[in-house]
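Asker: Every position in the sequence shown, counted from 1, becomes a number in this note's numbering once 2 is added.
Using N, Cα and C, we set each Cβ at its ideal position, and we do this for glycine too.
Here you go, one structure.
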Amino acid sequence: MSQIAETKDVASLSPEEARDELARLAKALHVANKAYHQEDAPALSDADYDSLKRRNAGIERRFPDLKRDDSPSEQVGAAPSEGFRKVRHSVPMLSLDNAFEESDVVEFDRSVRKFLGMTESDPLAYTAEPKIDGLSLSLRYENGQLVNAATRGDGAIGEDVTSNALTIRDVPERIKSAPELLEVRGEAYMSHEDFAALNARQAESDEKVFANPRNAAAGSLRQLDSRITSRRPLRFFAYAWGDVSEALADTQAAAITRLKDVGFATNPLMALCDGTADLVAHYRRIEEMRATLNYDIDGVVYKVNDLGLQARLGFRSTTPRWAIAHKFPAELAWTRLEAIDIQVGRTGALSPVARLSPVTVGGVVVSNATLHNEDYVAGRDANGNEIRGGKDIRAGDLVQIYRAGDVIPKVADVDLSRRHKGAMPFEFPRKCPECGSPAIREEGDAVRRCTGGLVCRAQAVEKLKHFVSRGAFDIEGLGAKQVEDFHDRGWIAEPADIFLLEARNREGEMRLSDVDGWGERSADKLFAAIRERRRIEFHRFLFGLGIRHLGEVAAKDLARHFIDWPTLAAAALEAAREPAVDDASQAALDGSPAWKEFLSIDGVGRTLVRSLVLTMDQEAECASVERLAKHLEIVPPDARASDSPVAGKAIVFTGTLSRMTRNEAKARAEALGARVSGSVSAKTDLVVAGPGAGSKVRKAAELGVETMEEDDWLALIGDA
Ligand code: IVH
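Structural data, given as structure tokens:
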């Protein structure tokens with residue numbers, strides 16, 4: 003018998019009735035989905051299921067405002083045809099810093115203690131647990147109900163994979179005795195058994211086999227059709243949390259126990275440790291068990307146990323200060339080096355790349371390895387010292403490949419006994435293989451560079467590719483392939499041109515819809531995606547410029563410090579006005595106010611500042627950036643920071659602080675969107691002075707800058 007009760011016509015429903023019915027339908031469809039996908043025991047006939055879905059969609063069409071966050075029309079069954087919906091994480095999903103050696107672990111503990119003002123003998127407990135080699139997932143529960151599941155994405159925005167997450171046995175759809183709002187974070191992974199069975203099935207049906215369980219898990223979770231995901235059994239370990247309406251516990255260990263009690267699978271190998279010796283001992287234990295585990299792990303994660311201390315330690319731009327991943331040693335394998343290719347990067351660097359006979363290194367198939375630069379190929383390091391015992395690398399050599407985690411594989415060794423007679427040393431090109439311009443190597447630079455500038459197609463295209471890449475403008479529909487095509491058609495030569503495409507198309511200067519693979523609809527979609535990026539976060543804009551040494555992390559650090567582009571550009575121009583930028587005059591430069599300000603930023607060093615200054619000092623570069631900026635609204639990276647009364651303010655700390663270390667005070671202020679500087683000037687908004695403060699307070703008084711004591715500062719930022 004049909005389970006569908008007779009219902010009122012959608013047109014005659016009141017909003018209250020509609021809301022109630024949508025809630026009922028959401029529940030019924032979730033239950034049906036779970037039964038179908040996880041228990042392999044359909045609770046509804048296909049016809050009844052479809053009828054419930056149609057009813058739900060009909061009510062949503064009539065009352066679009068009442069559409070629920072967990073609306074069944076977004077989930078299971080009907081796969082969205084155009085990819086996954088994007089979800090902004092309310093608390094960013096960060097990554098972890100890595101430790102490779104025991105000394106890195108000692109240094110981690112030291113830096114935690116230093117930040118907190120603790121001595122070496124103060125007790126400080128950590129948890130240590132396996133680092134699961136899967137992919138991270140954030141599960142949001144409201145009133146005990148799973149409302150969405152999202153992948154990490156770029157850390158700020160992930161993809162909505164709710165229907166797929168529901169197929170995971172370890173992901174409860176409902177939880178009991180949990181906070182009203184709870185975001186559970188952890189790792190989705192595939193067990194070794196399930197991986198072997200999946201690959202056997204794939205091979206049998208002549209479909210793609212996966213290189214390792216992580217790829218299989220990622221491929222399965224990112225399936226548009228959740229019915230396919232449900233046939234690829236995934237598992238989930240909870241190890242962290244995001245947004246919560248109330249604290250889970252006082253310690254990391256207790257919080258994980260709480261997650262376990264609520265109904266999540268947690269890893270049984272987590273231990274509480276005292277001090278670094280204890281951490282490393284647990285690391286060794288887990289390393290020994292590694293081969294016997296039924297899932298892949300690639301290290302051990304250490305976390306400060308006390309959640310109060312975690313909160314004080316806070317975050318750098320992409321990693322917490324209170325945790326670190328101690329990675330297992332790299333994997334090695336031998337293979338044949340087929341050829342050495344030269345790639346030209348966006349800054350003109352000529353990079354040698356080893357093309358290899360594909361080889362599996364620690365479960366991953368590797369066919370390329372970096373050869374860094376010409377010295378490295380020749381068997382020397384940057385200082386002219388021998389590496390690999392001075393052995394050079396030649397095409398045809400048998401080479402040993404080294405792979406550590408996600409880092410690009412390297413060539414660790416060469417078997418000279420297997421070298422072919424007549425194999426010639428690699429001759430590094432003196433001309434750019436792309437544009438033929440001279441490739442020169444400046445003194446002190448390990449890298450040979452093409453001097454062609456924007457004349458060099460490779461440089462221009464690589465710059466544009468970088469501009470549209472994920473950490474930068476990330477324009478949907480404009481990937482590497484399209485950038486090459488548009489560049490070669492003469493439509494885009496520099497980033498600013500991307501924002502002119504729509505107008506040029508409208509005015510008939512070009513016709514995107516005439517190009518193979520494009521139509522009116524896809525062209526409009528691309529223009530909409532470009533329009534959307536006219537409003538861009540400051541750090542993405544900065545990273546997108548493709549300035550040498552300016553990575554994503556440094557871009558975030560600079561953005562956090564300078565808040566807006568005009569302030570940063572003015573500071574860089576001021577720094578550029580200082581005398582010649584070279585090593586000899588560096589000491590004098592460090593003392594100049596502009597350089598001092600840059601160097602006071604955590605994570606910003608001389609090499610980066612020099613590169614930034616050199617870029618801003620080149621008229622053509624500067625003009626190109628300004629042409630771009632004209633099209634954009636550049637927004638401060640963290641909108642939440644603007645709620646604080648100190649957001650955007652320039653602060654100087656001086657004297658002894660009693661409630662926290664100087665580093666902690668600085669990190670806290672920066673997290674609230676303030677800029678912390680080491681010296682007082684007319685641009686300073688506030689001086690926070692502790693006992694022993696002297697000249698800076700006097701200077702503040704002279705300049706009429708407000709000064710306050712530590713307690714008043716804490717009251718101001720709400721930490722009193
Ligand atoms: S804690 C704030 N614990 O490793 C950071 N991460 O390299 C919270 N991972 O993106 C992460 N096992 O996907 C944590 N036991 C574990 C983990 C773990 C695996 C992953 C996670 C993260 C990545 C960082």
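1) In or out: I442 buried (at least 16 other Cβ within 10 Å) or exposed?
2) Touching or not, the region 658 to 670 and the region 546 to 560, by the rule of three or more beta carbon pairs under 8 Å?
3) So if I measure from each beta-carbon to every heavy atom of the ligand GDP and keep distances below 5 Å, which residues remain?
4) Taking DSSP as the reference, what is the three-state secondary structure of H328?
5) Going by beta-carbon coordinates alone, are E354 and E376 separated by less than 8 Å?
6) Just confirm the distance between the C-beta atoms of A702 and R677, as a whole number of angstroms; I'd bet it's less than 8 Å.
7) Report back the beta-carbon spacing between F428 and A460 to the nearest angstrom; my notes put them in contact at under 8 Å.
8) For a test of the three-state rule: what should DSSP assign to A649, helix, strand or coil?
9) Kindly indicate which three-state DSSP category K69 falls into: helix, strand or coil?
10) If you pair each beta-carbon of the region 312 to 329 with each one of the region 113 to 128, do three or more pairs fall below 8 Å?
11) Note down, in chain order, each residue of its chain lying with its Cβ closer than 7 Å to the Cβ of A695, except the 5 sequence neighbours on either side.
12) Does the distance from the C-beta atom of D399 to that of R421 stay below 8 Å?
13) Use the C-beta contact count for T609: other C-beta atoms within 10 angstroms, 16 or more gives buried, fewer gives exposed.
14) Excluding five sequence neighbours on each side, which residues of the same chain lie with their C-beta closer than 7 Å to the C-beta of E599?
15) Quick one: give me the first and last residue of the beta strand (DSSP E) that L352 is part of.
16) How would you label G79, buried or exposed, when you count the other beta carbons within 10 angstroms and need 16 or more for buried?
17) Just how far apart, CA to CA, sit R357 and I719?
18) Smallest Cα separation from R475: which of G548, A28 and W336?
19) Measuring straight from C-alpha to C-alpha, what distance separates G392 and G381?
20) My guess is that S359 and R338 are in contact by the Cβ rule of under 8 Å, so how many angstroms apart are they, rounded?
21) Is it the case that the Cβ atoms of E182 and E144 are separated by a distance below 8 Å?
22) Please tell me whether K329 and F102 are closer than 8 Å, where the distance is taken between their beta carbons.
23) Strictly by DSSP, which residues pair up with C275?
24) Sort A242, W243, N201 and T663 by Cα distance to R234 and report the nearest one.
25) Shortest alpha-carbon distance to W138 belongs to which of G277, H91 and T121?
26) Looking at the C-beta of T686, does it have a partner C-beta in chain D at a distance below 8 Å?
27) Does the Cβ of M291 have 16 or more other Cβ atoms within 10 Å, making it buried, or fewer, making it exposed?
28) Pick helix, strand or coil for D415, following the three-state DSSP scheme.
29) Roughly how far, in whole angstroms, is the beta-carbon of R451 from the beta-carbon of F430, given that I think they are within contact range, below 8 Å?
30) Buried or exposed, going by whether 16 or more other CB atoms sit within 10 Å of the CB of A198?
31) Note down, one range per segment and in chain order, each alpha helix (DSSP H) of at least 4 residues found wholly within the region 605 to 685.
32) Is DSSP giving V89 helix, strand or coil here?
33) Give the single residue among D566, A577, P647 and A249 whose Cα lies nearest to the Cα of V615.
34) May I ask you to report which of helix, strand or coil DSSP gives T121?
35) To the nearest whole angstrom, what separates the beta carbons of R405 and E333, a pair I think is in contact under 8 Å?
Answerer: The short version:
1) exposed
2) no
3) In terms of ligand content, the structure shown lacks the ligand GDP and carries the ligand IVH instead.
4) strand
5) According to the sequence provided, residue 354 is Pro. The question's Glu does not apply to it. For P354 and E376, yes; Cβs fall inside 8 Å.
6) Rounded, the Cβ-Cβ distance is 16 Å, inconsistent with contact.
7) Incorrect: roughly 20 Å between the Cβ atoms, too far for contact.
8) coil
9) coil
10) yes
11) T656 and G657
12) yes
13) exposed
14) A573 and S679
15) L352 to V363
16) Its pLDDT being 36, under 50, G79 is placed unreliably in this model, and the value from its coordinates should be taken loosely. The residue in question, G79, is buried, as its Cβ has 16 or more Cβ neighbours within 10 Å.
17) 55 Å
18) Checking the sequence, you will find Phe at residue 475 rather than Arg. Selected option, being the one with the closest Cα: G548.
19) 5 Å
20) 4 Å
21) yes
22) yes
23) Y128
24) N201
25) The residue you asked about is not Trp; residue 138 is Ser in the sequence shown. When each option's Cα is compared against that of S138, the closest is H91.
26) Among the protein chains of the structure shown there is no chain D, as only one such chain exists.
27) exposed
28) strand
29) Contact flag wrong, Cβ pair sits at about 12 Å.
30) exposed
31) 608 to 619, 621 to 631 and 664 to 673
32) strand
33) A577
34) coil
35) 5 Å
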